[in-house]
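55 is the number of the first residue of the sequence shown in my numbering; add one for each residue after it.
Heads up, the beta-carbon is just placed ideally off N, CA and C, and yes, glycines get one too.
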Amino acid sequence: MNEIKKIMVPVDFSENSQKILRTAADFAARFKAELAVVFVVQNFDDYSGFFVPHMPIIQLEEEMVNSAREKMKGFVTETLDDTVRHATAILSGDVVEEINRFASEQKADLIVMGTHGYKGLDKILFGSVAEKIVKTAPCPVLTINPYRS
């Protein structure tokens with residue numbers, strides 16, 4: 055494996071994501087690497103024919119992106135200490151595609167992610183996302199089961 059300079063960490067703002075981010079921060083400290091903390095706002099293109107929301111879908115996505123930016127600030131402040139070099143990004147689109155695209159674009163050397171996100175959505179959402187990322191990522195992926203770490 056090449057030198058690890060940039061570690062990407064997809065999060066969903068859950069407690070499990072906090073555990074994963076803290077573990078990634080430990081890795082970053084050991085490798086003197088920078089963290090890229092990423093949240094993906096799922097796009098609604100697939101759902102546009104199924105329901106008519108009270109606001110246009112584009113406006114809803116903008117609201118979600120703005121809300122995610124605010125949430126990211128608090129999440130990172132609460133989870134990381136000041137010594138951890140990091141950048142954050144809010145992406146919008148298909149979760150797996152956006153994580154892979156961003157990892158390529160940013161030349162990430164490693165992706166660290168959890169096998170479980172929010173309780174109840176565990177296997178449905180984050181488990182399948184982690185599985186797809188492992189199979190398609192442009193760099194090595196370290197998956198962590200937050201219930202065993």
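Can residue i and residue j be called in contact, C-beta distance under 8 Å?
i    : j    : result
A83  : I61  : no
V63  : V92  : yes
Q72  : T169 : no
F129 : F67  : yes
I198 : V150 : no
E88  : K59  : yes
V188 : L145 : no
S158 : P194 : no
N97  : D148 : yes
N56  : D163 : yes
Taking buried to mean at least 16 other C-beta atoms within 10 Å of its own C-beta, is residue i buried or exposed?
i    : result
N154 : buried
T190 : exposed
A184 : buried
A141 : exposed
E152 : buried
N120 : exposed
Taking DSSP as the reference, what is the three-state secondary structure of residue i?
i    : result
L164 : strand
K189 : helix
A122 : helix
E88  : strand
D135 : coil
Y201 : coil
F129 : helix
T77  : helix
F67  : coil
E57  : coil
With which residues is residue i paired in a DSSP beta bridge?
i    : result
Q72  : Bridge partners of Q72: none, in fact.
S146 : V95
L206 : Nothing about residue 206 can be reported from this structure: the residues present for the chain run from 55 to 203 only.
A141 : A90
Where do the N-terminal and C-terminal ends of the beta strand (DSSP E) with residue i fall, by residue?
i    : result
V63  : K60 to P64
L196 : V195 to I198
Quick one: is residue i near chain D, going by C-beta distance under 8 Å?
i    : result
M167 : Among the chains in the structure shown there is no chain D, since it carries only a single protein chain.
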